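Notes for the one structure printed next.
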Amino acid sequence: TRLSLYADVAPAGWTFDALPGGKPFRVPSAAEPALAFNLSHTDGFVACAIAGGGDVGIDVESVGRTLDGRTIAARYFSKAENDWLDACNARERRIRFIELWTLKEAYIKAIGRGLSHPLNAFGFAFEGEDDIRFSPPPDAPALTWTFALFAPSARYRMAVAVGTSVRASIVARSADGTVTEAIRALK
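The sequence shown begins at 1131 in our numbering and counts up one residue at a time.
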């Protein structure tokens, strides 16, 4: 029903399919606007991203997940990301790992490759309190990528990736209409 807010199409009128990697997509018709969407969920939270005219990916994770982020990062993240995590204290490292993970997941979901795409082939770095720097993989198409990282509550981190030919604006809005500001964004 959220897609129907952006086009004059009843919820039952949308047609969907999936890419070979499993990413769902809307089968467009000539009468409908170019809209892309992506979904994510974790314990107690569901997120949907909708974009006009570009690829979109979203990921949401609980910062309270029980996992060995350090071991996962050592295996899958870039050297620069691992060095940055090593410089964090233990509590901060757990949250920063989740932030990097959600950014990486949002990107690979946007390109439709999922975890078949090597996570260490691209990277993210945080500059100051509000800026995200993206180092794309060597084979990345010439798109402009816009990323935003949100903390919809103290329990969750959510990242959105939008790939278009122009810079995009990303806004997080909850079902009740509350807007959440990005805690970091690619400028």
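Every residue gets a Cβ at the ideal spot worked out from N, C-alpha and C, and that includes glycine.
Every value quoted in this text rests on a predicted model; they were computed, and no experiment measured them.
Closest option to Ala1298, judged by alpha-carbon separation, among Thr1276, Gly1174, Pro1154 and Lys1153: Thr1276. Taking Pro1154 as the centre and dropping the five residues before and after it, the same chain places the C-beta of Phe1146 and Ala1148 closer than 7 Å to its C-beta, in chain order. Around Arg1243, the same chain offers Gly1151 as residues with beta carbons nearer than 6 Å, after the five sequence neighbours per side are excluded. In the DSSP annotation of this structure, Thr1232 is not part of any beta strand (DSSP E); the continuous alpha helix (DSSP H) holding it starts and ends at Ala1220 to Ala1240.
The continuous beta strand (DSSP E) containing Asn1168 extends over residues Leu1165 to Thr1172. For Ile1300, the closest C-alpha among the options Ala1142, Val1186 and Asp1173 is that of Val1186.
Leu1279 sits close to Glu1229, with the two beta carbons spaced by under 8 Å. According to the DSSP assignment, Ile1202 belongs to the alpha helix (DSSP H) that extends over Gly1199 to Tyr1206.
Proximity to Ile1188 across Ala1203, Trp1144 and Trp1231 peaks at Trp1231, based on C-alpha coordinates. Taking the C-beta atoms as reference points, Ile1180 is found nearer than 8 Å to Tyr1136.
Here Leu1133 has Val1139, Pro1141, Trp1144, Arg1156, Leu1165, Phe1167 and Ile1180 as same chain residues with Cβ atoms under 8 Å from its own Cβ, once five neighbours each way along the sequence are excluded. Listed in chain order, the non-local C-beta contacts of Ala1203 below 7 Å within the same chain comprise Glu1211, Asn1212, Leu1215 and Phe1227, local neighbours out to five positions each way being set aside.
In this structure, Thr1294 is the residue among Ile1262, Thr1294 and Arg1200 with its C-alpha nearest to the C-alpha of Ile1241. Shown here, Glu1211 sits in a helix according to DSSP, grouped into three states. It is roughly 12 Å from the alpha-carbon of Ile1313 to the alpha-carbon of Ala1284. A direct Cα-Cα distance of roughly 23 Å separates Tyr1286 from Phe1252. Ranking Gly1307, Arg1200 and Phe1264 by CA distance to the CA of Arg1224 puts Arg1200 first.
In the structure shown, Leu1149 falls within a coil segment according to DSSP collapsed to helix, strand and coil.
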